[in-house]
Amino acid sequence: MLQPLFVWLGLLAVTIQVSALEGQLHARQLGFTQPLPSKDDFYKPPAGFESKRPGEVLKSRKATIIGNGAFLADSWQVLYRTNTVLDEPDVTVTSILAPRKPSSPPKIVALGIPQDSGAFDCANSYAIRVGSISNAALTSQLFAPEIDAILSRGWYLTIPDFQLSNSSFIIGQTEAHGMIDGVRALLDFKQALPKSDGYTFQFTGYSGGGHAASWAAQELPAYAPELKSQLAGVVSGGIPVSPNNTLSLVNKSFFAGVAGAGVVGFYNAYPQVRQFAKEQGLPNVTHYLEQFKASDGCLINSVIRFPFLDIFSLAKTKGSTPSVEPFKSLLISNLLGAGSGLPNPYIVGVPQYIWHSQIDDVVPPNDALAYAQDQCKNGALIKYDGFAIDGHVQTGLATIPNAVVALQDFFDGKAPAECQFNKNVLPFDLKTTSNYFGAIVAAGLQAAQSKASTLFK
């Protein structure tokens, strides 16, 4: 029974490696190759960075970012100060894109592109840069149509490496700080935005990026109160609300590598998890850690290398690992919104658009629905769409137009009068997308969906 599946996995691995090699060869032929983040001094903090304020720009450079370019005036990358989940000073990079025809007053979108890896060299700032030879480019660059669609509306973009320098995948507060300080960094970078008077901004993202966007909205009032009045809305899809439930769904499945990457995210973020791994990890745990943290240990390679892995079998506690300390407390503290049914939930005070595939094979849809319902019961304003699309990745791409339309509505002050919950929703078709965004965005989206169907069919 499993033989055809493993044959398919082998073919998929070959397809992906060929795609990656083609991209690397093309970049080398053009002389555009860029060093990995671990080999690039731009990513290293200057001495004394700890004394700088969160969001303060420490370094900057011009950078050519993926996308059609028809709607882009200029693009940069900046290194900025931020804080980890432990409130320790850190640095990370965001890619800043200025639109060719900016709206007035300025509108800013903080876009979370999913990294979904505990490897530093899989950072989005590298994956979305022209000349990247990152394995992560195969997935991150699928979001080029969203970049084009946002720029086509005249909005500024900041695309942070929200997992920060220690690649804390699925760690809520770390990702929130990265996103929020990515907005602060754009406001601090006058070369891109000389005058920000009257600006408004939004957080958006899908999957791991949706997780970062929703956590950023939740943490904003406490972490950056000066930005609170400028937040117009939050647009988040495919949100892994509960790391515990998401890990449980994908563990021992075809997408088990995602579970492994999530555990490595906790390992990177928390010293008590590193101590647990040292004390409880079986001898082969080091082998797995090295592969997940390797420079090519990005999302697709993690999935290909570790299908059906039981990540918790690598500890002496076996399958009970999520229910023992330190994991038990850390999984609870990383539950978005304090969780449905728990006291004192964190309520987002601006309109939200949340969407999810009703048959998601990676992130539990019921968690996102319960989160939205819990928010609404406590006074939030949410439009929730359950899409009749099969597949997590496919849903993320197909719904890009829906997400950008929601951003437009919130910038325009249009929000539903009360919470709405919709089922069996279908995404915009190609004609509607073309009519709304133009042929360039529609063609880019069609190409991305075609590429994704090859990688994830």
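With mature numbering (1 follows the signal peptide of the UniProt record, and there is no 0) applied, the sequence shown corresponds to residues -20 to -1, 1 to 437, in that order. Where a beta carbon is used, it is the ideal one built from N, C-alpha and C, also for glycine. Just so we're clear, the structure is a prediction, and the values are computed from it rather than from any experiment.
Could you tell me which of the options sits nearest to residue i, measuring between CA atoms?
i: D54; options: Y136, L289, N115; result: Y136
i: D341; options: A117, P220, L262; result: P220
i: P407; options: A295, I369, P86; result: I369
i: K431; options: S120, K81, Y106; result: S120
i: P86; options: N358, S114, D392; result: D392
i: F272; options: L91, C102, D128, N314; result: C102
i: L16; options: S31, P26, A116; result: A116
i: E30; options: T13, Y60, Y186; result: Y60
i: T180; options: F169, W195, Y203, K208; result: K208
i: V330; options: G242, A360, P125, A378; result: A360
i: G245; options: A428, Y23, F100; result: F100
i: G190; options: Y416, G92, L144; result: G92
i: P345; options: Y326, N358, I362, H372; result: H372
i: P418; options: K296, Q171, N48; result: For clarity, residue 418 is Gly in the given sequence; the question names Pro instead. It is N48 whose Cα lies nearest to the Cα of G418.
i: P69; options: W56, N146, A236; result: N146
i: D67; options: E155, K39, D128; result: E155
i: D365; options: L167, G376, I151, F401; result: F401
i: K32; options: K363, N63, K42, T13; result: N63
So if DSSP puts residue i in a beta bridge, which residue, or which two residues, is it bridged to?
i: N382; result: The partner list for N382 (beta bridge, DSSP) is empty, contrary to what the question assumes.
i: H336; result: G366
i: V214; result: F183, Q332
i: N63; result: P69
i: N146; result: Its beta-bridge partners do not exist; DSSP assigns none.
i: K296; result: DSSP output for K296 lists no bridge partner at all.
i: S75; result: Q57, I139
i: K87; result: T180
i: N402; result: D365
i: G393; result: DSSP, once it has assigned bridges, lists no residue as partnering G393.
i: G261; result: A295
Please classify residue i: does DSSP put it in a helix, a strand, or coil?
i: G185; result: strand
i: T375; result: helix
i: F176; result: Note on residue identity: the sequence assigns Ser, not Phe, to residue 176. In this structure, S176 counts as coil in the three-state DSSP scheme.
i: R285; result: helix
i: A53; result: strand
i: Y247; result: helix
i: D70; result: strand
i: V58; result: strand
i: G11; result: A caution first: G11 carries a pLDDT of 48, below 50, which makes its placement in the model unreliable, though a value can still be read off. Three-state result, G11: coil.
i: T138; result: strand
i: S132; result: helix
i: P221; result: Per the sequence shown, the amino acid found at residue 221 is Val instead of Pro. Coil, per DSSP.
i: V110; result: coil
i: L38; result: strand
i: I420; result: helix
i: K232; result: coil
i: Q171; result: coil
i: I45; result: strand
i: G92; result: strand
i: Y326; result: coil
i: F408; result: coil
i: P125; result: helix
i: A432; result: helix
i: E206; result: helix
i: G277; result: coil
i: S105; result: helix
Less than 7 Å separating the Cβ of residue i from some heavy atom of the ligand NAD?
i: L361; result: Among the components modelled here there is no ligand, and therefore nothing to report on the ligand NAD.
Compute the beta-carbon to beta-carbon distance between residue i and residue j, rounded to the nearest angstrom, for a pair I have assumed lies under 8 Å.
i: G35; j: A165; result: 5 Å
i: A90; j: F149; result: No, A90 and F149 are not in contact; Cβ-Cβ is about 18 Å, not under 8 Å.
i: P25; j: V71; result: 4 Å
i: A192; j: F123; result: That pair is no contact at about 13 Å.
i: A428; j: P94; result: The pair is not a contact, with the Cβ atoms about 14 Å apart (cut-off 8 Å).
i: S187; j: V343; result: 7 Å
i: L410; j: Q426; result: 6 Å
i: L131; j: P79; result: 5 Å
i: V421; j: T413; result: 7 Å
Does the structure place the stretch 331 to 338 close enough to the stretch 213 to 229 that three or more beta carbon pairs sit under 8 Å? These segments touch.
Does the structure place the stretch 104 to 114 close enough to the stretch 249 to 266 that three or more beta carbon pairs sit under 8 Å? Segments in contact, no.
Are at least three pairs of beta-carbons, each pair with one atom in the stretch 79 to 98 and one in the stretch 224 to 231, less than 8 Å apart? The stretch 79 to 98 is not in contact with the stretch 224 to 231.
Stretch pair the stretch 67 to 75 + the stretch 125 to 140: three plus CB contacts closer than 8 Å: Three or more pairs of CB atoms, one per stretch, sit closer than 8 Å, so the stretch 67 to 75 contacts the stretch 125 to 140.
So, do the stretch 153 to 173 and the stretch 283 to 291 have three or more beta carbon pairs nearer to each other than 8 Å? Taking 8 Å as the limit for Cβ pairs, the verdict is that the stretch 283 to 291 does not touch the stretch 153 to 173.
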